[in-house]
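Here is the structure we will look at, set down as structure tokens.
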Ligand SMILES: [Zn+2]
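In the numbering used here, the protein residues as written are 1066 to 1303.
Structure representation (structure tokens):
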């Protein structure tokens, strides 16, 4: 996969979106880029380590303040102050305001950030810059949340989407449509596999759907995704 993209907005009053993994060289390069800044805020889209792992190290190296969804709160002994962000919270930069937007699905308390002057929406792992899918299987209810978040991003009307991996897109609506189509196709696959194989568990259904192609290390993720999709199908019946 493409490495995580870190975005810097502003010159002196800066927002850093997703510092990325906790790797010494990477944190050093970021700290260097931030040397001219006098006020730094680190904004996290979600807690996965490839996005948030380096947050505490970067905050310690630069004196930055840390902001993000509640699951990103660092351990109490980290010594880094943390502020929870929710829908509509605004973060100032000297290049304009950045606004938090809740887009659960890939992670339960995933945030996007809208930078108004550029019409840019930073969507973390809701959508990737390449392909048409991202992992959706972290918790029961994630598939419904994910589809709702795609609708929310589409109706938001941003000019450009910046995913956490891969290139940006200046056609947000068609990008959203692609990811929605993939997810709905997967939901339909799980629905018909279950119909054809009554009594089969999530593990058997995952093997049927993904064939023998799942590398061992991805089996758990595939089964979790099928379990979340089964939950989605059941919750739609009510
Ligand atoms: Zn992620």
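For glycine and all other residues, C-beta sits at the position ideal for the given N, C-alpha and C.
Under DSSP, residue 1301 forms no beta bridge with any residue. The segment 1150 to 1158 makes contact with the segment 1068 to 1085; the number of CB pairs closer than 8 Å reaches 3 or more.
Here the alpha carbons of residue 1202 and residue 1164 stand approximately 27 Å from one another. Straight-line spacing of the CA atoms in residue 1204 and residue 1293 works out to 7 Å. In this model, residue 1088 and residue 1258 are separated by some 42 Å (Cα to Cα).
CA-CA distance, residue 1128 to residue 1176, rounds to 23 Å.
By the neighbour-count criterion, in which 16 or more other beta carbons inside 10 Å mark a residue as buried, residue 1210 falls on the buried side. As the crow flies, the alpha-carbon of residue 1151 is around 24 Å from that of residue 1125.
The set of residues with CB atoms less than 5 Å from any heavy atom of ligand 1 reads, in chain order, 1113, 1190.
Remark: C-beta atoms of residue 1231 and residue 1110 do not approach each other more closely than 8 Å.
Unbroken alpha helix (DSSP H) stretches of 4 residues or longer found wholly inside the segment 1092 to 1131: 1114 to 1117, 1120 to 1127, given in chain order.
Our two residues, residue 1299 and residue 1253, have alpha carbons roughly 13 Å apart in a direct line. Contact annotation: residue 1223 and residue 1179 have beta-carbon atoms nearer than 8 Å. Judged by their CB atoms, residue 1134 and residue 1147 are not nearer to each other than the 8 Å cut-off. In summary, residue 1097 is exposed, with fewer than 16 beta-carbon neighbours lying within 10 Å of its beta-carbon over all protein chains present. Boundaries of the beta strand (DSSP E) around residue 1167: 1163 to 1167. Residue pairing from DSSP places residue 1149 in a beta bridge opposite 1133. The three-state reading of DSSP puts residue 1204 in coil, since its state is none of H, G, I, E or B. Of the residues assessed, residue 1290 falls on the buried side of the cut-off, its CB having 16 or more other CB atoms within 10 angstroms. Residue pairing from DSSP leaves residue 1144 without any beta-bridge partner.
Within 10 angstroms of the beta-carbon of residue 1084 lie 16 or more other beta-carbons, which makes it buried. Comparing alpha-carbon positions, the option among 1069, 1198, 1233 lying closest to residue 1250 turns out to be 1198.
Distance from residue 1264 to residue 1288 at the Cβ level is roughly 16 Å; contact not present, criterion being Cβ atoms closer than 8 Å. Boundaries around residue 1249 are those of the alpha helix (DSSP H), 1237 to 1261, since no beta strand (DSSP E) includes it. About 18 Å separates the beta carbons of residue 1255 and residue 1215, which is beyond the 8 Å limit, so they are not a contact pair.
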